Amino acid sequence: MVAELIRRLANSLVFMALLFLFLIATLYFVANTGEHLDSFGRSYQWLIYGTAIVMGLIGILILSSVWRLVVDLRRNVSGSRLTLKLVIMLVVMALLPMTLVYSFSVKFLRSNIDSWFDVEVERALDDALGLSRDALTVYMRTRQKTTAAIAQRLSDTPVELAIVVLNDIGSDSEASELTLIGPDNRVIATTAFADLVSVAPERPAGDLIVRARNGRPYLSIDPADDGDLQVRSVMPVFSSDPANAPAVLYATYPVPRSSSQLAASVQESFRNYRQLAYLRAPLKQSSIATLTLSVFLSLMMAVWVAIYAARRLMVPVHDLVEGTRLVSQGDYSTRLTTSGRDELGYLVQSFNDMTDKIEAARANAASSQAQAEDQRAYLELVLSRISTGVITIDENHSVKTSNASAEKILQATPEYIRTINVDSIETIDNEFVRQFFTSVQSVVASGHDDWSLELELAAESDRIPVMCRGSTIKSGAEIHAGHVLVFDDISDVVAAQRNAAWSEVARRLAHEIKNPLTPIQLSAERLQHKYARKLHGDDASTLMKLTKTIVTQVEAMKSMVKAFADYANSPHVDFKSTNLNELVTETCWLYREGDERDAIVLDLDPATPLISSDPTRVRQVLHNVIKNAFETVGGADVRKLWIITRSQPRSDMACVQMVFEDNGPGFPPELLDRLFEPYVTSKNKGTGLGLAIVKKIVEEHGGVVHAENIVEQQSDGETVVAGGRLLVSIPAYVQRAVNSDTTLPATKSIKHKGDAEHSARNRPDFHGDAA
């Protein structure tokens, strides 16, 4: 609290100005005191005390300012070093001339005061004083003789004539007043010759009257009422009769004004000279002390003004330093207060203009950067959403960017892909990535502007056909800046082409085979009917066997033709809301007879939503899958087929999933990727169209089908295939306002996630019923 008050007082221009004005006034009074020697001793001490107190207060305030400057230096406050340099420079500039002036002034004071006191001057003053005294003494003696002469003439004068005699004598005697006092101390007669007289005559003191009667006259020179000198004389007047007591004559004579003034002047000069001589050493000390105080006052004023001016002058500099620091830290909104119209003010205004321009440029840059960032984010979003893989390669043949589809196709992380250099593919340990960049290395190195190639990536049992296109990136002035690679997983395209080809083959086969089958069957039946009665024995038996074989094979070929027709044709699908659980139960009920009666186990979720499907086509899916499963597990001791239904909630749509699990040998690993292609089968008989038809029907419903093996871990840590699993996902029922009696399926494609962990055989709460 006290320190803050001292700091505010030290920085207060008004308060410090009042203190300095007080000191200046005090020094002025001290300097003037020497001219009035009578008051020198009385006031000098108090003036010195007051000056010391105020100077001490100013010193404390200045020391506080200096300490604050030192603290700022220790804290590395901006502008503190320059402030210190400026203060030192201003103080030195003020101190040097003050020291020079002070030194010569002290020397001059000492020599000048000593020159006042000269022996010749003192002797001259003594002589002048003696001369004036001698002149006055002669004048007094003359007037005493005049008074004695008047007293002699009045000695025998009657009392009645005393006034007349005084008037006659006084007019010739130059006396200003003559008074005759009788023996009884009464005024007998008086006369005055001056222009101004008092009403009552002046009487001498009683002791002077007594002295005069005793024969001792009195003579003196005293100041008159008008300030001039007058001679007073008291003289006895003796009577001729000794018996009579003597009277007393009192006379006053004016001293000439010139003589009076000259004597007073000589007396005053001599008295002042004696006082100066007495106060010679104190006067010299006081003068030097006054000069010293003046120098100290000037020095303190210089120090304080230097600190104050330096701080005021450094305010814009400090603001500039702080503003520069803030700008260097990225705060371009910094604005400084303009302190004036001088060069510093112009510099501050220039700084503000600079920050305005920087902030505007920064805002434009930020806006451009934001736009570029938005465009980049938009481009990244687009690249992440498209199914096409995109990879960019810089001019050094190093991978710069890649999108999610590229990472998915190449089965590698983005960090791994971005570490690849096309010229150093021998260090790549990812098989897909190595094969891909091996294929594109030559065309990238060739420098062709645009190119395309088709390749197949193979690793273990996975095979991915890829169509890749590349283009050269060029910046301004046709400078080569890298390559962009765009590639697609064309597995679906190849599969669609293959399916279309197989459909065309199946259609042609069905058409070409179906037409001759009926005549062949009819001809065989007619041969049997016509010649069976005409032949006997072995011939008849051979005929029956041969014709039966022909008819049986024709029926088999008709079944094959029907399968070809079913695969090749795309019949109209009549979508309607269907309860999948009821459809599964109804279909499985047909297998209650025979060897399959205990083989089917159902686990149907009651909360499964309705699906939008063609029940006839879904039944065909169920029949094909069940038939294929039983044919696969035909060699097992106990055949089992688990059919599970459950909801499959998704962020984009709701689905219903059917899971088929058997305890057979599973699917051959080399056929898993081509399991749903036509004529692909692991069985010794059959056309291989069952699962192909299943996939086609599921895709007609907007669903997806996926096959996988069920892998179990044995006690010794080894894994074995414990069966096959087929997962079918179909979109849930969606009511659309096309027609009041029309329901369309959700045609959005579904990507299946592996559900091996949901095996019904491993679920502790499984409770299925044998169909």
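In the working numbering, the protein residues as written are 49 to 819.
Glycine included, each C-beta is placed from N, C-alpha and C at the ideal position.
What you are looking at is a predicted structure, and each value in this text was computed from that prediction instead of being measured.
Anticipated Cβ contact below 8 Å, residue i with residue j, distance rounded
{"i": "Ile236", "j": "Ala197", "result": "Rounded, the Cβ-Cβ distance is 19 Å, inconsistent with contact."}
{"i": "Ile269", "j": "Leu184", "result": "6 Å"}
{"i": "Asn672", "j": "Gly714", "result": "About 18 Å separates the two Cβ atoms, so there is no contact after all."}
{"i": "Tyr781", "j": "Pro657", "result": "6 Å"}
{"i": "Val553", "j": "Leu628", "result": "That belief does not hold up - the Cβ atoms of Val553 and Leu628 are roughly 33 Å apart, past 8 Å."}
{"i": "Val282", "j": "Tyr266", "result": "4 Å"}
{"i": "Asp710", "j": "Thr680", "result": "6 Å"}
Endpoints, alpha helix (DSSP H) assigned at residue i
{"i": "Leu628", "result": "Leu628 to Trp637"}
{"i": "Asp738", "result": "Looking at the sequence shown, residue 738 is not Asp but Gly. Counting along the chain, the alpha helix (DSSP H) containing Gly738 begins and ends at Gly738 to Glu748."}
{"i": "Pro462", "result": "Pro462 to Ile465"}
{"i": "Gly393", "result": "Glu391 to Arg433"}
{"i": "Val492", "result": "Glu479 to Ser494"}
Residue i - DSSP class collapsed to helix/strand/coil
{"i": "Arg261", "result": "helix"}
{"i": "Leu670", "result": "helix"}
{"i": "Ser287", "result": "coil"}
{"i": "Asp537", "result": "strand"}
{"i": "Ser730", "result": "coil"}
{"i": "Glu225", "result": "strand"}
{"i": "Gly585", "result": "coil"}
{"i": "Pro364", "result": "helix"}
{"i": "Asp721", "result": "helix"}
{"i": "Glu766", "result": "coil"}
{"i": "Ser128", "result": "helix"}
{"i": "Ser346", "result": "helix"}
{"i": "Glu250", "result": "coil"}
{"i": "Gln569", "result": "helix"}
{"i": "Thr795", "result": "Note that Thr795 has pLDDT 36, beneath the 50 cutoff, so the model's placement of it is unreliable and no number is given."}
{"i": "Ser625", "result": "strand"}
{"i": "Val62", "result": "helix"}
{"i": "Gln377", "result": "coil"}
{"i": "Gly107", "result": "helix"}
{"i": "Arg123", "result": "coil"}
{"i": "Thr385", "result": "coil"}
{"i": "Thr790", "result": "With a pLDDT of 40 at Thr790, under the threshold of 50, the modelled position of this residue cannot be trusted; read the value that follows with caution. The answer is coil: DSSP assigns Thr790 none of H, G, I, E or B."}
{"i": "Ser607", "result": "helix"}
{"i": "Phe156", "result": "helix"}
{"i": "Leu594", "result": "helix"}
According to DSSP, residues forming a beta bridge with residue i
{"i": "Ala755", "result": "Leu774"}
{"i": "Gln705", "result": "Arg694 and Ser777"}
{"i": "Val515", "result": "Sequence inspection shows Met at residue 515; the Val mentioned does not correspond to that position. Answer is Glu502 and Asp536, bridged to Met515."}
{"i": "Ser446", "result": "Asn469"}
{"i": "His531", "result": "Ile441 and Thr520"}
{"i": "Asp510", "result": "Ala507"}
{"i": "Ser281", "result": "Leu267 and Ala299"}
{"i": "Leu689", "result": "Ile648 and Asp710"}
{"i": "Glu12", "result": "Residue numbering for the chain in the displayed model covers 49 to 819; residue 12 lies beyond these limits and cannot be assessed."}
{"i": "Glu474", "result": "The partner list for Glu474 (beta bridge, DSSP) is empty, contrary to what the question assumes."}
{"i": "Glu760", "result": "Val768"}
Element boundaries [beta strand (DSSP E), containing residue i]
{"i": "Ala452", "result": "Element bounds for Ala452: not the beta strand (DSSP E) but the alpha helix (DSSP H), Ala452 to Leu458."}
{"i": "Ala655", "result": "Ala655 -> no beta strand (DSSP E), and no H or E assigned at all."}
{"i": "Thr205", "result": "Taken as a continuous stretch (DSSP letters only), Thr205 belongs to no beta strand (DSSP E), as it is neither H nor E."}
{"i": "Tyr301", "result": "Ala295 to Pro302"}
{"i": "Ile659", "result": "Ile659 to Ser661"}
{"i": "Ile269", "result": "Tyr266 to Pro271"}
{"i": "Ala240", "result": "Val235 to Ala240"}
Are the region 544 to 555 and the region 449 to 464 touching by the rule of at least three beta carbon pairs closer than 8 Å?
As far as the Cβ criterion goes, the region 544 to 555 does not touch the region 449 to 464, which means the pair count is below three.
Are the region 467 to 486 and the region 427 to 435 in contact at 8 Å, needing three or more beta carbon pairs?
Touching, no, given that fewer than three Cβ pairs across the two stretches are closer than 8 Å.
Specify whether the region 737 to 750 and the region 772 to 779 touch according to this definition: at least 3 beta carbon pairs, one from each stretch, less than 8 Å apart.
Three or more Cβ pairs drawn from the region 737 to 750 and the region 772 to 779 lie within less than 8 Å of each other, which places the two stretches in contact.
Indicate whether the contact test is met: 3 or more Cβ pairs, each with one atom in the region 496 to 508 and one in the region 407 to 425, closer than 8 Å.
Flag = no, the region 496 to 508 and the region 407 to 425 do not touch.
Under 8 Å: do the region 351 to 360 and the region 104 to 112 share three or more Cβ pairs, one atom per stretch?
These segments touch.
With a cut-off of 8 Å, do at least 3 Cβ pairs link the region 509 to 522 to the region 488 to 500?
Three or more Cβ pairs closer than 8 Å define a contact, and the region 509 to 522 meets that threshold against the region 488 to 500.
At a cut of 8 Å, does the region 336 to 343 reach the region 139 to 153 through at least three beta carbon pairs?
Verdict: yes, contact present.
So, does the region 354 to 369 touch the region 117 to 134, judging by three or more C-beta pairs under 8 Å?
Short answer: they touch.
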